[in-house]
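Engineer: The structure under discussion is supplied below as structure tokens; questions concerning it will follow.
Numbering (the working numbering), first residue to last: 257 to 594.
Structure below.
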């Protein structure tokens, strides 16, 4: 039992020494890089990272400068504080900064970096961006689903009024906004609700809610392998194993939606098919019939994943922030109402 442990320890030490020597060789060829705070061997500036992270980064910029080069393990991180500099990076130098780092979450939760949020800059990313712009978020498409958004907001208001009808009670808006955002996205994408009233399959809804929650939690968790990719194969914390398991459940759910909708459309034809309410997944399926080589099931599932995950969390967070501002500024709320 002891021999494998010592073999593994020796391998880790050898790998670290090899990495350290490689880093020193690279440092001999100095480049014109931004200033950097004092760092520690191997871990770089990870020891400086404390919660809340935005306060930590602000303190670093105030002490060492507005533009800093940090090293989180073997990853280089460019910290830019002035808005004008950040704007220049994403306008004049946007191609250089367009690609995201190849982290573990992109491999397992983004179909091996083939979604629009995590795909590297190139032909695939440009095609995905075109699809999202023309087929998902165009003015015509959004207008097509306006009744869905209005209906979900009405349901939220009715539920809130029912909760307060009998007596004054506290309403947790954060959870309500999350449910609203998720239902809006799923109704527009696949025509189903997974929170609140009118849920077709309660068991399926419960399962996918848990998968989404666990996926968001594990995506934000610290992954040792992201900072030290050369040790990723060891999966010391078991986070990759959890990601694989979660994504298998998510993929089965998404594939079921794609297959189910395909069966509904194939069962209807001619004039009857025109009566079937068009959804986002239908638009993507129509594109798949024209260009099956690009619009594979994996691409379609990746687009739906982006809509569900990014569309839910971002929207609910912004709604919550807007409500906080309204409560702190009653005069603004009065203008918004009247």
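Heads up, the beta-carbon is just placed ideally off N, CA and C, and yes, glycines get one too. Being a predicted model, the structure only gives us computed values, none of them experimental.
How many angstroms separate the CA atom of residue 467 from the CA atom of residue 372?
Structural biologist: Distance between the alpha carbons of residue 467 and residue 372: 21 Å.
Engineer: Going by the CB atoms, is the gap between residue 470 and residue 502 shorter than 8 Å?
Structural biologist: Contact flag set, yes.
Engineer: So, residue 488 versus residue 360, is the Cβ gap smaller than 8 Å?
Structural biologist: Taking 8 Å as the Cβ cut-off, residue 488 and residue 360 qualify as a contacting pair.
Engineer: Mind checking whether residue 404 and residue 440 have CB atoms under 8 Å apart?
Structural biologist: In this structure, residue 440 lies closer than 8 Å to residue 404 by Cβ.
Engineer: The beta strand (DSSP E) spanning residue 323 covers which residue range?
Structural biologist: That run of the beta strand (DSSP E) goes 323-328.
Engineer: Measure the alpha-carbon distance for residue 408 versus residue 436 and round it to whole angstroms.
Structural biologist: C-alpha separation (whole angstroms): 7 Å.
Engineer: Can you look up residue 213 in the DSSP assignment and give me helix, strand or coil?
Structural biologist: With the chain running from 257 to 594 in the structure shown, residue 213 is simply not present.
Engineer: Measuring alpha carbon to alpha carbon, tell me which of 392, 388, 384, 534 ends up nearest residue 447.
Structural biologist: Nearest of 392, 388, 384, 534 to residue 447, Cα basis: 534.
Engineer: Inspect the beta-carbon positions of residue 413 and residue 432 and report whether they are closer than 8 Å.
Structural biologist: Contact: no.
Engineer: How big is the Cα-Cα spacing for residue 451 and residue 355?
Structural biologist: Near 35 Å, if we compare the C-alpha coordinates of residue 355 and residue 451.
Engineer: Between which two residues does the beta strand (DSSP E) containing residue 336 stretch?
Structural biologist: First-last of the beta strand (DSSP E) with residue 336: 331-336.
Engineer: Checking 8 Å against the spacing of the C-beta atoms, do residue 556 and residue 544 come in under that value?
Structural biologist: The answer is yes: Cβ separation under 8 Å.
Engineer: Would residue 291 and residue 324 be called neighbours here (beta carbons separated by less than 8 Å)?
Structural biologist: Against a cut-off of 8 Å, the Cβ pair of residue 324 and residue 291 comes out as a contact.
Engineer: Could you pull the start and end residues of the alpha helix (DSSP H) that residue 314 belongs to?
Structural biologist: 309-320 is the span of the alpha helix (DSSP H), which, as asked, contains residue 314.
Engineer: Leaving out five residues on either side along the sequence, give the residues of the same chain with a beta carbon under 8 Å from the beta carbon of residue 390.
Structural biologist: Result list for residue 390: empty, nothing under 8 Å.
Engineer: How is the alpha helix (DSSP H) around residue 591 delimited, first residue to last?
Structural biologist: Residue 591 -> alpha helix (DSSP H) spans 586-593.
Engineer: How many Å lie between residue 410 and residue 416 at the Cα?
Structural biologist: Those two C-alpha atoms are separated by around 10 Å.
Engineer: Enumerated in chain order, which unbroken segments of the alpha helix (DSSP H) with a length of 4 residues or greater are wholly contained in the stretch 392-433?
Structural biologist: Here the runs fully enclosed are 395-400, 402-421.
Engineer: Whose C-beta lies closer than 8 Å to the C-beta of residue 307 among residues of the same chain, with five residues either side of it excluded?
Structural biologist: If we look at residue 307 and ignore the five residues flanking it on each side, it has no Cβ neighbours.
Engineer: Would residue 549 and residue 370 be called neighbours here (beta carbons separated by less than 8 Å)?
Structural biologist: It is not a contact, given that the beta carbons lie outside the stated cut-off.
Engineer: Select from 310, 317, 330 the residue whose C-alpha is nearest the C-alpha of residue 296.
Structural biologist: Nearest option by C-alpha distance: 330.
Engineer: Looking only at C-alpha atoms, which of 561, 579, 571, 584 sits nearest to residue 367?
Structural biologist: Measuring from the Cα of residue 367, the nearest candidate turns out to be 561.
Engineer: State buried or exposed for residue 593, treating a residue as buried only when at least 16 other CB atoms are found within 10 Å of its CB.
Structural biologist: The residue in question, residue 593, is exposed, as its Cβ has fewer than 16 Cβ neighbours within 10 Å.
Engineer: Roughly how many angstroms lie between the CA atoms of residue 536 and residue 444, to the nearest whole one?
Structural biologist: Taking the straight line from one Cα to the other gives about 6 Å.
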